[in-house]
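Residues in the sequence shown are numbered consecutively from 60, following the working numbering.
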Amino acid sequence: MKDKPLKSQEELHVRLAQFRGGVGGLRIGIDGMDGVGKSTLARELANRLGGSVISLDDYLTKRQNSYVLHIRCDDVKAAISASKLPTLIEGVCLLAVAQRCGFEVDALVYVRRISGNSGIWHEEEICMALSPPDELKQKERALREAFSTTEKSGNLGDDDLGLTGELIDYHARWRPVERALVFDIGL
């Protein structure tokens, strides 16, 4: 993380305006963990900036137990080409999807969910890749087994971790928090 996290949309707008071409001509990527508020932030910014939103979830072939490989890239690229600038593209694993699908973003915003009472970023261990991916996955497997109500136990594989395993690998490889403007959403 290169700068201090931004806490208001006004601060974010000012920072985005500093990019080449200003906010009006940008493709802005909104990345972050699942359920953190990316879609809400993208819609609010698009309304404020007079732009459009593309949600990668709308182009996902469902029930495949993975994300990046099941995005319909041709449809995403067509939507980007037809969209009104500025275009806000939001979704998990955004940099990996962009590379796979062959599009670029001019600015990247990473949304963090911060606890209002304690100021704790609960996903920090995964998002900052503080431990090796295999260790983080093993912790996730242990948690799932500890709280499992089924008889299935033993060695869970990466496929059993679904999106969580993919997010662990994505953050370790791409390190999006270090490349992005960080925007904090409080709980």
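Think of the CB as a built atom: it goes at the ideal place given N, C-alpha and C, for glycine as much as any other residue.
May I have the straight-line CA-CA distance separating residue i from residue j, to the nearest angstrom?
i: A201; j: G110; result: 44 Å
i: R86; j: T146; result: 5 Å
i: G83; j: L144; result: 6 Å
i: A166; j: E70; result: 14 Å
i: S212; j: E204; result: Per-residue confidence for S212 stands at a pLDDT of 49, beneath the threshold of 50, marking its modelled position as unreliable; no derived number is given.
i: V139; j: A76; result: The question names Val, but residue 139 in the sequence shown is Ile. If I take the Cα positions, the gap works out to 20 Å.
i: D133; j: C160; result: 7 Å
i: R74; j: P191; result: 32 Å
i: H129; j: Q123; result: 7 Å
i: A141; j: R107; result: 20 Å
i: D193; j: V164; result: 30 Å
i: Y229; j: S125; result: 12 Å
i: K97; j: K66; result: 14 Å
i: F78; j: H72; result: 10 Å
i: R238; j: T208; result: 40 Å
i: A105; j: G81; result: 14 Å
i: D62; j: S177; result: 21 Å
In the DSSP assignment, find the beta strand (DSSP E) that holds residue i and state where it starts and stops.
i: I139; result: Looking at the DSSP string, I139 is not in any beta strand (DSSP E); the run it does join, the alpha helix (DSSP H), is C132 to A141.
i: I148; result: T146 to E149
Can you give the beta carbon distance from residue i to residue j, rounded, assuming they're within the 8 Å contact cut?
i: V281; j: Y169; result: Look at the range of the chain in this structure, 60 to 246, and you will see that residue 281 is not part of it.
i: V156; j: L115; result: 6 Å
i: I185; j: I244; result: Not confirmed; about 17 Å, so no contact.
i: D90; j: P235; result: 5 Å
i: L119; j: W233; result: Between W233 and L119 the Cβ distance is about 18 Å, and since that is not below 8 Å, they are no contact.
i: G88; j: I148; result: 5 Å
i: E103; j: Q68; result: 6 Å
i: A137; j: A188; result: Between A188 and A137 the Cβ distance is about 33 Å, and since that is not below 8 Å, they are no contact.
In terms of residue numbering, what span does the alpha helix (DSSP H) encompassing residue i cover?
i: S98; result: K97 to L108
i: L71; result: Q68 to A76
i: I179; result: Segment: none, I179 is in no alpha helix (DSSP H) and carries neither H nor E.
i: A201; result: P192 to A205
Opposite residue i in the DSSP bridges: which residues?
i: Y169; result: D90 and V241
i: S114; result: E149
i: L119; result: I130
Would the beta-carbon of residue i fall within 8 Å of that of residue j?
i: L220; j: K198; result: no
i: E183; j: R172; result: no
i: E225; j: V95; result: no
i: V151; j: D93; result: yes
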